Each structure stands twice: as C-alpha cells, then as structure tokens.
Amino acid sequence: MKILLTLILATFSVITYGQVDRTNQIDKELQDCLDSSENFTTIGMTDCVRAATEKWDAELNKAYRELLDLLTTEQKEKLRIAQSEWMEYRDKEIEFSNQLYYDMQGTMWRQIAARTKLNLSRNRTIELESYIANLTIDK
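Next up, the structure:
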C-alpha cells in the first residue's frame, strides 16, 4: 500500500511540475498584460485575455498531437471522439457564456465572457498534458 501511495504521489509531482512551468508562463504573461497601464480599459483587458487564449489554444493543439503519438490505434480513435465532443461542448459553452454576459449591462462582462474560452482551453490543455505525463513517466 505504501508503495502504491508513493507511486501516486510521484506521478502527481511529475504532472504538477510540468504543468506549473507552462501554466506559470502563459498565466504570468496574461497577468503582466493585465497589469500594464496600457490595458486598464475593458478593451485592453479583453485583448490580453484573447492573446492568452490563443497561446493556450496553441498549447492545446500541441498537447493533442503529442498525446496522439503516444497512443495505440484504439486509444487514438477514443481520443479523437473525446476531443471532437469536447470541442462541441466548448463551442456551446462559449455560445451560452457570450449570450449571458453580452446581455448584461457594463462592458466588463465582455472580458469575463472572453475568460470562458481561456479557462476551457487552459483546463483541457492541462488534462491532455497530464495524460502525456502519465504515459511518459518512465521515459
């Protein structure tokens, strides 16, 4: 039991370490952008969030391709289906978020709506990266 617990903790340590570097970089750049006096407007903040979202989308695509390379044929098909369904979910969630927040008064809600896509892309990237970390733990 102690060995199993040690392996589980080691796995999460590896996953966390790899994710922290990438997460910290994109999130740090986002925070730096938001902290810049040039971006104290809602438009500036929204532009910062959109730029970070583009980076997370690029990382998501990279992680997806990397994970595909590690999988068996059957696993690849399951991942393709899961990713396709996740993309449908993401799009519908963004559509809902946009409608909800764009109907609210105040321009700050647009920046909050923009964060929906950022958070969805960020979270999915971290999920895929955790699969990669688990599959490559011995490599």
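For the sequence shown, this note's numbering assigns the number 391 to the initial residue and increments by one for each residue that follows. Positions of the beta carbon are idealized from the N, C-alpha and C atoms, including for glycine. Nothing here was measured: the structure is a model prediction, and the numbers come from that model.
Judged by DSSP in its simplified three-state form, Phe430 adopts coil rather than helix or strand. In terms of Cβ geometry, Ser487 and Ala472 do not form a close pair [threshold 8 angstroms].
Secondary structure at Gln473: helix, using DSSP grouped into helix, strand and coil. Straight across, the Cα-Cα distance linking Ile416 with Thr462 is about 31 angstroms. By the criterion of at least three beta-carbon pairs nearer than 8 angstroms, the segment 491 to 502 is not in contact with the segment 465 to 479. DSSP places Met494 outside any alpha helix (DSSP H), giving it a letter other than H or E. Secondary structure of Thr462 (DSSP, three-state): coil. With fewer than 16 neighbouring CB atoms inside 10 Å of its own CB, Lys482 falls in the exposed class. Less than 8 angstroms divides the Cβ of Leu424 from the Cβ of Met435.
Lys445 counts as buried, since no fewer than 16 other beta carbons sit within 10 angstroms of its beta carbon.
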